[in-house]
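Residue numbers (our numbering): 1 to 231. Heads up, the beta-carbon is just placed ideally off N, CA and C, and yes, glycines get one too. In this text, all values refer to a predicted model and were calculated from it rather than measured experimentally. Structure first, commentary second.
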């Protein structure tokens with residue numbers, strides 16, 4: 001069960017150090033043995049051959065187009081997808097451009113762009129925790145088994161709310177919002193085997209987070225559907 005960890009691996013990124021521990025915990029606790037491959041954003045060829053794609057934190061990425069392409073492959077090929085922090089941001093960028101037809105930018109990558117989809121947060125969330133309200137009946141609410149959850153962040157950019165209605169009109173569901181100001185914190189795509197992204201970082205939880213466990217289960221299910229794989 002091969003998963004692509006799309007991002008520019010660095011010892012300076014805390015979540016990158018956590019991911020190998022999460023893989024081991026999933027193997028021991030859930031019996032799901034994922035085979036992770038770190039894929040730099042500068043070389044995202046061959047993603048179609050993976051059972052899952054996770055765009056991990058660590059932006060600004062070396063290649064914005066590579067991160068956007070990873071989200072596009074997962075969405076169009078029905079490959080289980082998880083995007084966290086920067087992965088959430090670039091998933092939104094891909095959807096806005098390729099589904100909604102918007103010519104928008106990420107302010108972290110193109111600070112002087114005219115139309116910015118991802119903009120600096122009024123107050124940086126780096127190192128913060130916050131309560132997230134989950135939309136009833138959404139996939140993430142079902143995964144968490146609760147109406148709210150407290151999550152960790154390490155980010156300074158979020159969705160420009162001016163584009164929320166357009167993204168939603170084209171099928172994207174905003175399924176998590178900050179309890180204090182209602183800002184978007186999670187999004188998902190109905191009808192896809194698994195397509196979920198969060199601005200918060202579930203990999204920073206002290207145990208395998210339910211969102212990551214659900215992603216791993218979706219990866220395992222896809223792997224079993226490959227020709228020649230016995231159930």
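**Study point:** Within the segment 195-225, ranges of the beta strand (DSSP E) (whole runs, at least 3 residues)
**Key:** 195-198
Practice item. Using three-state DSSP, classify residue 32 as helix, strand or coil. Key: The residue you call residue 32 lines up with position 32 of the chain shown. Three-state DSSP puts residue 32 in coil, outside helix and strand.
Exercise for review: Can you tell me the Cβ-Cβ gap for residue 59 and residue 108, rounded? I've got them flagged as a contact below 8 Å.
Suggested key: Counting from 1 along the chain shown, the entry for residue 59 is found at position 59. Counting from 1 along the chain shown, the entry for residue 108 is found at position 108. Between residue 108 and residue 59 the Cβ distance is about 6 Å, and since that is below 8 Å, they are a contact.
Point to revise | Stretch pair the segment 142-151 + the segment 34-48: three plus CB contacts closer than 8 Å | key: no
Exercise for review: Pair every Cβ in the segment 99-106 with every Cβ in the segment 212-224, then say whether three or more of these pairs are closer than 8 Å.
Suggested key: no
Point to revise | Separation of residue 25 from residue 19, as counted between CA atoms | key: Counted from its first residue, the chain shown places residue 19 at position 19. Counted from its first residue, the chain shown places residue 25 at position 25. Rounded to whole angstroms, residue 19 to residue 25 spans 10 Å at the Cα level.
Point to revise | Alpha carbon of residue 114 to alpha carbon of residue 170, nearest angstrom | key: By one-based count along the chain shown, residue 114 stands at place 114. By one-based count along the chain shown, residue 170 stands at place 170. The alpha-carbon atoms of residue 114 and residue 170 are separated by roughly 22 Å.
Point to revise | Own chain, CB closer than 6 Å to residue 230, minus 5 neighbours either side, in chain order | key: If you number the chain shown from 1, residue 230 lands on position 230. Below a pLDDT of 50, predicted positions are generally treated as unreliable, and residue 230, at 48, falls in that range; the measurement from the model is reported next regardless. Around residue 230: no qualifying Cβ.
**Study point:** The beta strand (DSSP E) enclosing residue 93, as first and last residue numbers
**Key:** Here residue 93 refers to the residue found at position 93 of the chain shown. Where residue 93 is concerned, there is no enclosing beta strand (DSSP E), although the alpha helix (DSSP H) it sits in stretches over 86-98.
Point to revise | Residues that DSSP places opposite residue 149 in a beta bridge | key: One-based indexing of the chain shown puts residue 149 at position 149. According to DSSP, residue 149 bridges with 132.
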